[in-house]
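Read through the structure below, which is laid out as structure tokens, and then see the notes.
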């Protein structure tokens with residue numbers, strides 16, 4: 001122990017400074033005596049040794065572990081890391097004291113990392129003080145005994161943490177395995193409900209505990225289900241929030257406000273499916289436990305909403321917000337010359353090549369309404385009922401899932417009755433009936449899920465009524481959002497080549513639609529001439545299918561040159577006659 005010394009013994013400054021660092025690992029320790037004890041010990045040491053405690057700099061990592069070393073890395077979150085940065089920035093005087101209760105408050109990492117931290121603090125010119133046992137480790141000391149004592153103390157601290165971690169890990173694994181088997185949790189603390197199956201009390205905000213069981217909060221579960229429905233319809237988080245506000249759906253937070261980040265988190269949260277994923281130091285630990293939480297959405301509903309969300313994150317489609325117009329082909333439409341085509345809404349709504357908007361290329365435009373109708377009249381991959389009333393297969397999945405839940409619930413009650421009351425021939429017969437029903441319902445559900453998972457199937461049906469559906473829709477924005485989501489499921493991308501034809505009234509384009517999977521594609525030729533001097537506008541379009549072929553790549557310069565040479569000089573009457581004669585009836 002250091003004896004009381006003159007002020008000059010400690011530092012060249014008139015009064016050396018001490019900085020108190022207090023840390024404990026769990027929030028529960030805050031309720032105990034740890035904070036008061038550590039604070040008192042630091043104050044008493046400073047008084048006895050004529051050192052001034054800097055109370056303007058508070059260094060506390062309360063409820064934070066030192067076992068993995070995160071507390072010394074992130075200076076925005078941890079006090080020790082912030083202190084080390086202050087030393088490096090020259091804000092801590094040379095010869096100052098960092099006072100801790102003992103060295104395991106400083107770190108409980110493995111020995112090499114712990115010793116490295118200890119020595120690096122001293123190399124920065126900072127003395128380290130422990131109050132229990134009382135010991136000063138001077139930064140300029142040449143005494144090897146100090147180093148040996150520090151190594152022993154740091155090794156002990158890591159050993160204790162490693163032992164506690166192993167014991168805690170075993171206990172946690174036992175609890176997790178019990179939850180996986182659906183058994184009552186072992187060794188519950190006093191005050192908890194007996195016979196409880198809960199592994200953790202950190203629950204999703206739409207779930208609550210009743211009598212040791214987890215149940216969905218009805219109004220919140222309905223809100224989650226609505227969020228997934230809106231996500232599956234193609235709405236982004238911002239639009240979902242607007243819709244929830246319009247429908248007066250209450251937020252789960254104390255602020256009473258929905259946030260974009262929380263909406264996205266819900267759409268990615270498999271707890272809505274009923275899954276629980278255990279973690280070990282932030283990493284998944286074992287397989288998810290199915291059926292741990294009450295499911296509020298089906299797998300079909302979950303993945304239908306997740307797909308557009310994943311596409312936005314990967315940059316495959318832009319995050320879109322609803323205004324007066326919904327761009328059906330956002331994220332799908334590409335320019336054969338490179339870049340993309342985007343709607344220009346300043347005047348008449350037209351498609352404009354993005355490279356022209358950036359100033360890198362000449363302007364090539366095409367009327368958006370003409371383009372939309374030409375493509376939609378010849379698309380046969382999406383059925384109109386999917387836009388106006390949802391997918392029948394998805395409805396079947398929802399219905400069968402509910403049916404299976406009911407069967408499993410009744411089966412569970414019957415088995416439990418037998419466990420409590422002994423064998424009953426009548427109950428046993430009912431159990432056999434329920435097991436057969438469960439097998440049949442499971443097979444039907446699997447079949448329905450397979451149909452849902454194949455949005456582009458071989459049974460292509462006419463899509464020609466879609467334009468009429470859009471025209472007669474009472475909610476055109478919602479209809480266009482649903483259609484946009486359906487297009488993104490069916491189409492990988494669209495390539496468009498606008499071919500100049502001399503006059504400003506004349507527009508012609510070649511279009512290739514590449515469907516999901518990349519093997520099937522459809523070609524379009526679309527011509528439009530605006531009306532003038534009392535003459536009506538004229539337009540014609542046709543479509544024809546091709547399989548996968550490198551020779552028919554509309555982005556190839558030689559094919560672009562051939563198309564431009566062939567169609568740019570053809571007069572309007574010839575072009576219209578050519579398109580009408582080559583019109584193909586798709587089946």
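Numbering (UniProt numbering), first residue to last: 1 to 587. Built from N, CA and C at the ideal position, the CB exists for glycine as well. No experiment lies behind these values; they were computed from the predicted model shown.
Problem set entry | Coil, strand or helix - residue 75 by DSSP | coil
Exercise. Touch check for the segment 250-262 and the segment 232-242: three-plus C-beta pairs under 8 Å?
Worked result: The segment 250-262, when compared against the segment 232-242, does touch it at the 8 Å Cβ threshold.
For this session: Please go through the same chain and pick out, in chain order, the residues whose beta-carbon is closer than 7 Å to the beta-carbon of residue 497, but skip the five residues on each side of it.
Result: 336, 509, 510, 554, 560 and 563
Problem set entry | Alpha carbon of residue 153 to alpha carbon of residue 128, nearest angstrom | About 13 Å.
Exercise. Buried or exposed: which applies to residue 529, given that a residue is buried once 16 or more other Cβ atoms fall within 10 Å of its Cβ?
Worked result: Residue 529 sits buried, since 16 or more C-beta atoms from the chains shown fall within 10 Å of its C-beta.
Exercise. Can you tell me whether DSSP reads residue 252 as helix, strand or coil?
Worked result: Note: residue 252 maps to coil in three-state DSSP.
Problem set entry | Coil, strand or helix - residue 49 by DSSP | coil
Exercise. Based on Cα-Cα distance, which residue from 100, 111 and 94 lies nearest to residue 122?
Worked result: Checking every option, the nearest Cα to that of residue 122 belongs to 94.
Problem set entry | Three-state class that DSSP yields for residue 223 in the structure shown | helix
Problem set entry | Length of the line joining the Cα atoms of residue 77 and residue 278 | In a straight line, the C-alpha of residue 77 is about 25 Å away from that of residue 278.
Exercise. Tell me, which residues are paired with residue 493 by DSSP?
Worked result: 514
Exercise. If you measure from the beta carbon of residue 338 to each beta carbon in chain B, is any gap under 8 Å?
Worked result: Considering every chain present, this structure includes no chain B. It has just one protein chain.
For this session: Report the residue from 300, 275 and 302 whose alpha carbon sits nearest the alpha carbon of residue 292.
Result: 275
Exercise. Per DSSP, which one or two residues make a beta bridge with residue 588?
Worked result: The requested residue 588 does not occur in the structure, where the chain is confined to residues 1 to 587.
Exercise. Considering only C-alpha positions, which residue in the set 376, 225 and 442 is nearest to residue 541?
Worked result: 376
Exercise. Between the C-alpha atoms of residue 140 and residue 255, what's the straight-line distance to the nearest angstrom?
Worked result: For residue 140 and residue 255, the gap between their C-alpha atoms comes out near 54 Å.
Exercise. Thinking C-beta only, is residue 20 closer than 8 Å to residue 62?
Worked result: no
Exercise. Based on Cα-Cα distance, which residue from 297, 133, 474 and 136 lies nearest to residue 268?
Worked result: 297
For this session: Inspect the beta-carbon positions of residue 513 and residue 499 and report whether they are closer than 8 Å.
Result: no
Problem set entry | Minimum C-alpha distance to residue 567 - residue among 537, 544, 437 and 506 | 506
Exercise. Do residue 87 and residue 124 have their CB atoms nearer than 8 Å?
Worked result: Yes, they are a contact pair.
Problem set entry | Residues near residue 302 by beta carbon distance below 7 Å, same chain, minus five either side | So the list reads 228, 272 and 273, once near-sequence residues are dropped.
For this session: Compute the distance between the beta-carbons of residue 441 and residue 411, then report whether it is under 8 Å.
Result: No; because the gap between Cβ atoms is not below 8 Å, this pair is not in contact.
For this session: Following the continuous beta strand (DSSP E) through residue 350, name the residue where it begins and the one where it ends.
Result: 350-353
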